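Asker:
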Amino acid sequence: MAAGDRVTAPGHVQFGELLLGPHTAYRWKNLTGWEDSPGLDSGTVTRSDAHGAYPGRLLAQPRTITLDDMVIRTEPRRMGATVRALRAATALREDEQPLVVMLDDEPPLLCFARCVRRSIPVGVGGYAVGIVQGAALQWEATDPRRYSLIEQQAETRLPSSGLPPPLHAVNAGDAPAHPIITVRGPLSLPSLANTGTNQVIEYDIDLGADDTLLVDTAAGTVTLNGNASALHTATARSTLEHLYTLPPGLSSLLFRVAPGPIDPRASMGLRWRSAYW
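Residue 41 in the working numbering sits at position 13 of the sequence shown, and the numbers go up by one each step.
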């Protein structure tokens, strides 16, 4: 299942495999928290010697998204099965699932969330005739950013001589995006520098021809061959992984390794989604 694979029309909302909106049993009127800015934690500190304050960092809180004024319609006396399907799709769970929203003819956006509240008014008459009004669903997304459905990819290899050209990555959104970086050997001391932000990630590690180093900047993890942590190999000049992002716009990235013979099999790949507040 691909995220948003059932979203085809304005008003469609897909959570996991559950589709809500036009041409479904679950219609909705209001969606709050989707286009709102998330809450903020402010690092601003009041000045002790003058008016005002020292501006601090603004860090976004989790995003809360609420779908309310829902109307559930079914054939008479079929409401129980339809509600049961809704309960199963929105059951409490530990992991976040894709939540995709398409409001109009613009491409839909995606976040990852858990359903934290479900309200389904119960009335005997409504169940009998197949109409329940005033239902609601609420989700919490620990990452408040919204993302494009399309995951972009780029890759560069080391030339037999000279330096590889810059790798260009475009974040079409208005929020910083965390890339996933894949480095394949054979090579030593791989690094990736963003010339616009001066951020660098670099690892003092030797990779063989069959080795793969995976850097998940959102999770802040560095994994060798899918199982062993290599976080400890980060050099002193390396940026903390969770701080390494692609800002809105065009990023120019430089892939470098230790001086010496170059193997053409060595490569660095990048995956990311454009991110929006």
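Every residue gets a Cβ at the ideal spot worked out from N, C-alpha and C, and that includes glycine.
Only a predicted model underlies this, so the values are computations on that prediction, with no experimental measurement involved.
(1) Look at the Cβ atom of P136, then the Cβ atom of V128, and state whether they are nearer than 8 angstroms.
(2) With distances taken Cα to Cα, identify the nearest neighbour of Y155 among D202, R112, P66, W167.
(3) Can you find the residues in the same chain that come closer than 6 angstroms, C-beta to C-beta, to V144, ignoring five residues on each side of it along the sequence?
(4) Going by the beta-carbon positions, is the gap between L259 and T249 smaller than 8 angstroms?
(5) Could you give the C-beta distance for T16 and S302, rounded to a whole number, given that I count them as a contact under 8 angstroms?
(6) Which stretch, first to last residue, makes up the beta strand (DSSP E) that contains Y231?
(7) Going by DSSP in three states, Y304 sits in which element: helix, strand or coil?
(8) Quick check on R142: buried or exposed, where buried means 16 or more other Cβ atoms within 10 Å of its Cβ?
(9) Tell me which residues share the same chain as S147 and place their Cβ nearer than 7 angstroms to its Cβ, disregarding the 5 neighbours each side in the sequence.
(10) Does DSSP classify V243 as helix, strand or coil?
(11) Pick from G153, Y231, V99: whose alpha carbon is nearest that of A221?
Answerer: According to the structure shown:
(1) yes
(2) R112
(3) Q166, E168
(4) yes
(5) Outside the shown range of the chain (29 to 305) lies residue 16, about which nothing can therefore be said.
(6) Careful: Y231 lies outside any beta strand (DSSP E) and carries neither H nor E.
(7) strand
(8) buried
(9) A163, A164
(10) strand
(11) Y231
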